[in-house]
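**Q**
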Amino acid sequence: MEVYALLVWLDLLCFKSLQQQASVELGRLNLEEVNPHLRGGRVENHIGKAPPGHPTEIRTSISPSSAVELNTTTALANYATEAANSQDDELLSLAKEEKNMYNEKIKALNSELLDVLVPVEPLDGCTEIILEISAGVGGQEAMLFARELFDMYCAYIVNKAWVMQIAEQVLSDLGGLRHASLFVSGSQVYQHLKHEAGVHRVQRIPSTEKSGRVHTSTVTVATLPQPTMLSLIFEVILKDKDLRIETKRSSGAGGQHVNTTDSAVRIVHLPTGIVVESQVDRSQIKNREFALQRLKTKIYQNQLDKQMAETQAKRKMQVGSSLRSEKIRTYNYNQDRITDHRIGNTVHNLKSFLLGEEGLDTLIRQLLIVERRDRLLQAITCIDTVKGT
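What follows is the structure, given as structure tokens:
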């Protein structure tokens, strides 16, 4: 049903007026890539009907009215664009207003149709994650920027009305952040934050730099789905014989209690070598619970990574796709810009972006649109690959 719906929708999109506009905006399908995969006559013969050879239980899930509305709206946007060249001030003002309205409607309709066509990723419905932020290359400067990213994500989480709990936070002597882990829960939390995982690069002149040289530092971010969701896909049982649990005195802020009790917990998973620590709470029992939860998440993530690597390898053989670059985003302070290297998009106003508000949310939504577009194009190519074998 999904394949049939996909092919029907692609034919519906292939109207001349839409084709002229389709590749203009980010997230819109580039029909030059899609056109070789289209088959003539499918729309006229099969809208709302069962495909030949399939009984009535298999029907397209595409609403024909949505596709027609998309085509009509695009045509109106084209007329508004032409009218925008008029010398009549009143007509010019009206044309600009209508053009913006129609373009917004086109975006909404494209998103609606993509939602129907692109298969849902199993983990996109995950409502609980662990968000980890760690200073990378760059010493104290990397730690200072890690703290800024930590504050940005905390603000974003609050703005999205999600719930968070700090599981671990290790600060540096200068107020930077060595490492932090957050438990975050809320609607679509993994779907929105999964593309933040990777290496974030910062380019700026450190406050301690006397010669004015620009330094480059890195911070790594990990977005780990919680076992409650991953257990639907994988099953992992922690055995006592596979664990080495150690206790020690906590380090960092916390008063006299930190130095007098063995409240910090360190767990080593012997089969995989994964090590987790927790010292966020004064209670050893609580820290043990936090550490075990993080360990489960990391083990699940290992299994998920293996599965994704296998899937990527198979997909690469079929459609020639490649893995994304490790460096996902650059924050350049001298140029006041943020560049996401995966989609080639640059935005300005770093101060506003780091507040975790509209700038970050807009970029995240653009990444989701591009992801759906890429998955759709991969699905089309896979269909033709299968048919050609």
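Under mature numbering (1 follows the signal peptide of the UniProt record, and there is no 0), residues -21 to -1, 1 to 368 are what the sequence shown spells out, in order.
Virtual Cβ for every residue (Gly too), placed ideally from N, Cα, C.
What you are looking at is a predicted structure, and each value in this text was computed from that prediction instead of being measured.
Could you tell me which residues DSSP pairs with I348 in its beta bridges?
**A** I348 pairs with nothing; no bridge assigned.
**Q** If distances are taken between C-alpha atoms only, which option among I108, S72, M131, E76 comes closest to Q280?
**A** Minimum Cα distance to Q280 is reached at I108.
**Q** Find the nearest neighbour of I307 within the set R183, I322, T202, judged by alpha-carbon distance.
**A** Nearest C-alpha to I307: I322.
**Q** What does a CB cutoff of less than 6 angstroms around L123 pick up in its chain, not counting 5 residues either side in sequence?
**A** Same-chain partners within the cutoff: G155.
**Q** Please confirm whether S164 and V142 have their CB atoms less than 8 angstroms apart.
**A** Yes, the pair counts as a contact, with Cβ atoms nearer than the cut-off.
**Q** Roughly how many whole angstroms lie between the Cα atoms of L102 and E225?
**A** Near 33 angstroms, if we compare the C-alpha coordinates of E225 and L102.
**Q** Helix, strand or coil for A270, going by three-state DSSP, please let me know.
**A** Correct three-state label for A270: helix.
**Q** With a threshold of 16 other CB atoms inside 10 Å of the CB of S242, please say whether the residue is buried or exposed.
**A** Under this definition S242 is a buried residue.
**Q** Would F332 and A146 be called neighbours here (beta carbons separated by less than 8 angstroms)?
**A** No, they are not a contact pair.
**Q** Is it buried or exposed for V266, if we count other Cβ within 10 angstroms and need 16 for buried?
**A** According to the sequence as given, residue 266 is Asn; it is not Val. The residue is buried, with at least 16 neighbouring Cβ atoms inside 10 Å.
**Q** Tell me which same chain residues have a C-beta within less than 7 angstroms of the C-beta of R188, skipping the five on either side of it?
**A** Here the sequence assigns Glu to residue 188, which means Arg is not the residue at that position. Closer than 7 angstroms at Cβ, skipping near neighbours: H194.
**Q** Can you name the start and end residues of the beta strand (DSSP E) that Y132 belongs to?
**A** No beta strand (DSSP E) holds Y132; the alpha helix (DSSP H) holding it covers 118 to 138.
**Q** On the premise that N313 lies in contact with R180, defined as a C-beta separation below 8 angstroms, what is that separation, rounded to the nearest angstrom?
**A** R180 to N313, Cβ: 14 angstroms. No contact.
**Q** In chain order, what residues of the same chain lie with their CB nearer than 7 angstroms to the CB of G338, ignoring the 5 residues before and after it?
**A** Only V326, N328, S331, F332 meet the Cβ criterion.
**Q** Which residue wins for smallest C-alpha separation from L203, given the options Q119, I278, K139?
**A** Checked all of Q119, I278, K139; the closest Cα to L203 is I278.
**Q** Candidates H248, K275, R228: which alpha carbon is nearest V259's?
**A** It is R228.
**Q** Counting along the chain, where does the alpha helix (DSSP H) carrying Q170 start and finish?
**A** First-last of the alpha helix (DSSP H) with Q170: 168 to 172.
**Q** Specify the secondary structure class of E111 as computed by DSSP and reduced to three states.
**A** Strand.
**Q** When burial is assigned at 16 or more other CB atoms within 10 Å of the CB, is L347 buried or exposed?
**A** Classification of L347: buried, given that the 10 Å Cβ count is 16 or more.
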